[in-house]
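Worksheet: one structure, shown below.
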Amino acid sequence: MHRRLHPVMIVRQPVSARANRMRAGKRVGHVLKTSNMRRVTPALLVAGFPLCLAGTVPASAQDQVDEDTAVVLEQIVVSAGRNPVEAQQVGRAYTILTSDDLEETQTRYVADALRRVPGVSVSRTGNNGGLTQVRLRGSEANHVLVLIDGVEVAGTSDGGYDFGALQTADIERIEVLRGPQSALYGSNAMSGVIHIITKGGVRNGYRVSAQSEMGTDESILGNVLVQGGSDRFDVAVSAAASHTRGFNISHYGSEKDGGHNVTLNGKSRVDILDNLFLDTSLRYTERRADTDDQDWGVVIDTRSHTQTNDFFGGADLTWVLMDGLFTQKLKSTGSDLNSRSEGQGYRSGYDGNRYHASYQGTLAFELPDLLQSAHSLTGALEWERETFKNAYQTVYTTKIGHKRDLLGNIVEYRGEFSDRAFVTGALRYDQNDAFKDTVTYSTSGAYLFPQTDTKLHASMGTGSTNPSFFEQFGSVPESFVGNPDLKPENSFAWDIGVEQKLWQNRAVLDVTYFNERLRDEITVVSDANWISTPENLDGTSKRQGVEVSIGLQLLQNLHATATYTYLDATEPDGSEEIRRPPHSGSLTLTYGFHDNRGTLFMDAVYNGRMRDEDFATWPATSVTLDDYILVNAGADYQLSDQLTLFGRVENLLDQDYEEVYGYNTQGFTAFAGFRATF
12 MHRRLHPVMI
22 VRQPVSARAN
32 RMRAGKRVGH
42 VLKTSNMRRV
52 TPALLVAGFP
62 LCLAGTVPAS
72 AQDQVDEDTA
82 VVLEQIVVSA
92 GRNPVEAQQV
102 GRAYTILTSD
112 DLEETQTRYV
122 ADALRRVPGV
132 SVSRTGNNGG
142 LTQVRLRGSE
152 ANHVLVLIDG
162 VEVAGTSDGG
172 YDFGALQTAD
182 IERIEVLRGP
192 QSALYGSNAM
202 SGVIHIITKG
212 GVRNGYRVSA
222 QSEMGTDESI
232 LGNVLVQGGS
242 DRFDVAVSAA
252 ASHTRGFNIS
262 HYGSEKDGGH
272 NVTLNGKSRV
282 DILDNLFLDT
292 SLRYTERRAD
302 TDDQDWGVVI
312 DTRSHTQTND
322 FFGGADLTWV
332 LMDGLFTQKL
342 KSTGSDLNSR
352 SEGQGYRSGY
362 DGNRYHASYQ
372 GTLAFELPDL
382 LQSAHSLTGA
392 LEWERETFKN
402 AYQTVYTTKI
412 GHKRDLLGNI
422 VEYRGEFSDR
432 AFVTGALRYD
442 QNDAFKDTVT
452 YSTSGAYLFP
462 QTDTKLHASM
472 GTGSTNPSFF
482 EQFGSVPESF
492 VGNPDLKPEN
502 SFAWDIGVEQ
512 KLWQNRAVLD
522 VTYFNERLRD
532 EITVVSDANW
542 ISTPENLDGT
552 SKRQGVEVSI
562 GLQLLQNLHA
572 TATYTYLDAT
582 EPDGSEEIRR
592 PPHSGSLTLT
602 YGFHDNRGTL
612 FMDAVYNGRM
622 RDEDFATWPA
632 TSVTLDDYIL
642 VNAGADYQLS
652 DQLTLFGRVE
662 NLLDQDYEEV
672 YGYNTQGFTA
682 FAGFRATF
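In the numbering used here, the protein residues as written are 12 to 689.
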């Protein structure tokens, strides 16, 4: 049956993993979902509060929620276009991790979940909470746009997002789009987009979920989630907290480097009219992480720390007209970002803001006489302002603030032909007041072969990333000084792949080849006094590789997923880019037992040998970090509809490894806790 390309595909959030587990198994992105999703709602709670809540929540909280009104997000990819796209129509390379995926493997930090995504490289400086960078297909961290509920969350200082403290507690799903997305999202989406969607409310009822756990290094994590709503309104409010004494991240000394963070999140949806919807979100994070300084390039044991306070908010007003033929959307977001670092004899930090406003209109129409086709045309206008100010005056800079404005003009076309061929194209013109105006484009396509359960997909496009404020105007005393003459980085990339269902749809295999060329790459150079400054490289940086993923339903209760990535990422002089392993992969096994009341899991992440740099010498010398395998294993058991107990071990083999040269990493750890739903 032919379907109109409807611009508004998300009516409500999924109500719970419990509701989803009763449905048939579904393939999610590049992950094959099983038909035995026995989970209670993934828990959310604040450390120390869950036991109190267990005694105070009334039985009426277990009232039936209207699950029939929920739309299952697994059928669509929210970030694949200016409007959500049905999964089978997406021509871009993507992966989706759901709350069930995160819960089954007891994954507590988003960075660890992303290690199981093809094309992703993760670098963490020490403990959970330490600086954590995520790269896609050999890119830099600031080439990846990170959104939480549609709000850009990267700092205005360096343009990259620090995943160190981002927990999975309140997350419904994570979408990872690989390849240039600048035509859709602008600067910083040059190599891809990571969109994190938090849990929404429920209609016609309410529920409370709570979780708490303790483990090695005096670690404690907890979270709580309250969901509720009526026929025309739903809301979700959550809080998550973590604390750890940690371990010494330096190879010298014995002082432990711990940290703590608190995250508050709110999300709501109001059906003002049957065709007028208002979505809002608010998020606040407070984080402190102990760090160790570098002395002449060597990580030494010091009592240093970094404190960040981030606040984000957004509102979307969607108006659907003419039975879905024309849809208008107004969007506004804002952020307030603050960071302070203190070490031996120095202080540094910044204050930043980002304001965004946009209008978007989408016209959808059908041409049944033209290959039974359906089409949509979207036009959008975006305005954005970013600000930056050094928190302290130094010999290299003052506290004078900087700002820049951008006006983006976007056109996107989507077409569907005979329910088999799907094409998209986007063109964007960005007017920058601080840099030369930029034009980016992208196109993608997918073709289905129903007889063989085969899908071909391909995409192509250009990307652009503006220099960050810190690269232009930032300063770290006796260490770094900015360069106001930097130019934006620009890229051209393409990929092509095939997705094949096998074994009576019990297996899904996807293989994708990608290729990217980057010009004006920004790098950091140091002088004989160890003062670093950024500059644009001459020539072209090259990145290519292969991404493989497979999901297998081995037995009724036994499910496996595996990924492998081959990456060849080089600088203009042919040298290997640092902290990007040429070979990486993962394997995850989950097994349900006792009528799926319990689950056993094991996952292994492989990170191949990779290059880094030793900054204790001048110029910095190349070093090789050994490969490693991180194995985690655990189990949970559902004692009742309301209570589940769980436990796990991380780094089961007690691997001694480095992700960043000079920084220790976590050894063997163990955790135990409970999850409750009322």
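In this text, a Cβ means the ideal position worked out from N, Cα and C, and glycines have one as well.
Exposure of residue 333, with buried meaning 16 or more beta-carbon neighbours within 10 Å | exposed
At least 3 beta-carbon pairs within less than 8 Å: the stretch 547-558 vs the stretch 146-154 | yes
Simplified DSSP state of residue 567, which is helix, strand or coil | coil
Three-state secondary structure assigned by DSSP to residue 54 | Note that residue 54 has pLDDT 31, beneath the 50 cutoff, so the model's placement of it is unreliable and the number below is only indicative. It is coil, neither helix nor strand.
Helix, strand or coil for residue 172, going by three-state DSSP, please let me know.
-> coil
Does the beta-carbon of residue 110 have 16 or more other beta-carbons within 10 angstroms, so that it is buried, or is it exposed?
-> buried
Can the beta-carbon of residue 663 be found closer than 8 Å to that of residue 685?
-> no
Mind checking residue 245: buried by the 16 CB within 10 Å criterion, or exposed?
-> buried
In angstroms with no decimal places, state the Cα-to-Cα distance between residue 97 and residue 87.
-> 4 Å
Taking DSSP as the reference, what is the three-state secondary structure of residue 662?
-> coil
Start and end residues, alpha helix (DSSP H) containing residue 125 | 121-125
Under the three-state reduction of DSSP, which class applies to residue 335: helix, strand or coil?
-> helix
Under the three-state DSSP convention, the category residue 180 falls into = coil
Alpha carbon to alpha carbon, how far is residue 202 from residue 606?
-> 43 Å
First and last residue of the alpha helix (DSSP H) that includes residue 669?
-> First-last for residue 669: undefined, no H or E at that position.
Simplified DSSP state of residue 532, which is helix, strand or coil | coil
Which runs of the beta strand (DSSP E) fall wholly inside the stretch 343-408 and span at least 3 residues, in chain order?
-> 357-378, 384-401
With a cut-off of 8 Å on the beta carbons, I'd call residue 219 and residue 689 a contact; round off their distance for me.
-> 5 Å
Touching by the beta-carbon criterion (3+ pairs, under 8 Å), the stretch 503-521 and the stretch 480-494 = no
Beta carbon of residue 278 nearer than 8 Å to that of residue 247 = yes
Under the three-state DSSP convention, the category residue 548 falls into = coil
Beta strand (DSSP E) runs wholly inside the stretch 189-270, at least 3 long, in chain order | 203-209, 216-226, 230-241, 244-258
For residue 589, collect the residues of the same chain with a Cβ closer than 7 Å to its Cβ; drop the 5 residues on either side in sequence, then sort them by chain order.
-> 622, 623, 624
For residue 658, the nearest candidate out of 266, 464, 576, 224 (CA to CA) = 224
Under 8 Å, do residue 106 and residue 187 count as touching if we go by C-beta distance?
-> yes
Could you check which residue in 212, 241, 257, 112 has the C-alpha nearest to that of residue 231?
-> 257
Local Cβ density within 10 Å of residue 683, reported as buried at 16 or more and exposed below that | exposed
From residue 496 to residue 671, what does the alpha carbon distance come to, in whole angstroms?
-> 29 Å
C-alpha distance - residue 593 paired with residue 620, whole-angstrom precision = 7 Å
4-residue-minimum alpha helix (DSSP H) runs that sit fully inside the stretch 103-156, ordered along the chain | 110-115, 121-125
Cα separation between residue 287 and residue 391?
-> 19 Å
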